[in-house]
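Here the protein sequences line up with chains A and B, keeping their order.
Oh and the first sequence: position 36 is 37 in my numbering, straight run, nothing missing.
Oh and the second sequence: position 27 is 171 in my numbering, straight run, nothing missing.
The beta-carbon is built from N, C-alpha and C at its ideal position, and this holds for glycine as well.
First comes the structure, then the notes that go with it.
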Amino acid sequence: QVQLQESGPGLVAPSQTLSLTCTVSGTSITSGSFHWTWIRHHPGKGLEWIGNIYYRGTSYYNPSLESRITMSLDTSKNQFSLNVNSVTAADTAVYYCARDQVANWGARRLDYWGQGTLVTVSS
Amino acid sequence: DIQMTQSPSSVSASVGDRVTITCRASQGITSWLAWYQQKPGKAPKLLIYAASSLQSGVPSRFSGRGSGTDFTLTISSLQPEDFATYYCQQTNTFPHTFGGGTKVEIK
Numbered sequence: 002q003v004q005l006q007e008s009g010p011g012l013v014a015p016s017q018t019l020s021l022t023c024t025v026s027g028t029s030i031t032s033g034s035f036h037w038t039w040i041r042h043h044p045g046k047g048l049e050w051i052g053n054i055y056y057r058g059t060s061y062y063n064p065s066l067e068s069r070i071t072m073s074l075d076t077s078k079n080q081f082s083l084n085v086n087s088v089t090a091a092d093t094a095v096y097y098c099a100r101d102q103v104a105n106w107g108a109r110r111l112d113y114w115g116q117g118t119l120v121t122v123s124s
Numbered sequence: 145d146i147q148m149t150q151s152p153s154s155v156s157a158s159v160g161d162r163v164t165i166t167c168r169a170s171q172g173i174t175s176w177l178a179w180y181q182q183k184p185g186k187a188p189k190l191l192i193y194a195a196s197s198l199q200s201g202v203p204s205r206f207s208g209r210g211s212g213t214d215f216t217l218t219i220s221s222l223q224p225e226d227f228a229t230y231y232c233q234q235t236n237t238f239p240h241t242f243g244g245g246t247k248v249e250i251k
């Protein structure tokens, strides 16, 4: 079955770079039907859509974060990654990776999610 | 960005109650809206997509309606496992913004 798993450091110092990887199993990240997405959940707040990447390398980032984030794919490992640079305490959150399924009639849905990983920004 | 506003922010209900949550978009999004359920410490779970399509495996007591700017999620008969926080998300325009969430609590 389809599974996604986030990995990366749980603690990042202020002004440094947060780097997370999502390992995908049960489906290929090179499938044309899917976009690969990052979402975060700030403690006690709602969900924030960070951005997504398509297997052809095209990506879309949330404008609120665009200047600080980069997403990439490693098709040989069936993984995709997120980098957020110049982090502050405001980047402390649970980070989720998810599969965005795009139907041929236009419907999109985040149908599979990783379990989430807490990243704390602190010295 | 399209702003998504959910109401109420919380609701207290009893097992067996009918519960309706509203989501309003700041501009028209046709039918490109999804609903998710999140329990503490867990990832969100997809319930509804394209406003009214039930995701495979989701109980039929969950239903969604709406188009344009106004949408609803209804739980026809609340079950103990339904106490959770519910989020809407628009998938019409990047960034795919979420609503602020509605917490369904036990009365």
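Practice task
Evaluate P188(B) with the Cβ neighbour count: other Cβ atoms within 10 Å of its Cβ, from every protein chain shown; 16 or more gives buried, anything less gives exposed.
Solution key: By the neighbour-count rule (16 or more Cβ atoms within 10 Å), P188(B) is buried.
Practice task
Closer than 7 Å by C-beta to V202(B): which residues in its own chain qualify, once you throw out the five before and the five after it? Chain order, please.
Solution key: Excluding residues within five positions, the ones whose Cβ falls inside 7 Å are L191.
Handout entry: For P15(A) and S197(B), the rounded distance between their alpha carbons
Key = Going by the C-alpha atoms only, they are around 43 Å apart.
Exercise for the section: For I165(B), I'd like the list of residues in its chain whose CB is within less than 6 Å of its CB, leaving aside the five on either flank, ordered along the chain. Expected result: Closer than 6 Å at Cβ, skipping near neighbours: L217, Y230 and T246.
Exercise for the section: Identify the continuous beta strand (DSSP E) that holds T216(B) and give its terminal residues. Expected result: First-last of the beta strand (DSSP E) with T216(B): D214 to I219.
Problem - Listed by chain order, chain B residues near W114(A) by CB distance under 7 Å - result: Taking a Cβ-Cβ cut-off of 7 Å, the neighbours of W114(A) in chain B comprise A187 and P188, given in sequence order.
Problem - Length at least 3, wholly inside the stretch 33 to 105 of chain A: the beta strand (DSSP E) runs in chain order - result: Taking only runs of at least 3 residues, the beta strand (DSSP E) segments lying wholly in the stretch 33 to 105 of chain A are 35 to 42, 48 to 55, 60 to 62, 70 to 75, 80 to 85 and 94 to 103.
Exercise for the section: Could you check if R41(A) is buried or exposed, using at least 16 other CB atoms within 10 Å of its CB as the buried criterion? Expected result: Residue environment: R41(A) is assigned as buried (16 or more neighbouring CB atoms within 10 Å of its CB, all protein chains considered).
Practice task
Check D226(B) in the structure and name its three-state DSSP category.
Solution key: Correct three-state label for D226(B): helix.
Practice task
Please compile the residues from chain B whose C-beta is within a distance smaller than 7 Å of the C-beta of R41(A).
Solution key: Simply none; closest approach about 11 Å.
Practice task
Output, in sequence order along the chain, the residues in the stretch 235 to 250 of chain B whose CB is closer than 8 Å to any CB in chain A.
Solution key: Here the close residues are T235, F238, P239, H240, T241, F242, G243, G244 and G245.
Practice task
Could you name the residues of chain B that G9(A) contacts, counting a contact when the two beta carbons are closer than 8 Å?
Solution key: Result: empty, since nearest Cβ-Cβ is about 16 Å, beyond 8 Å.
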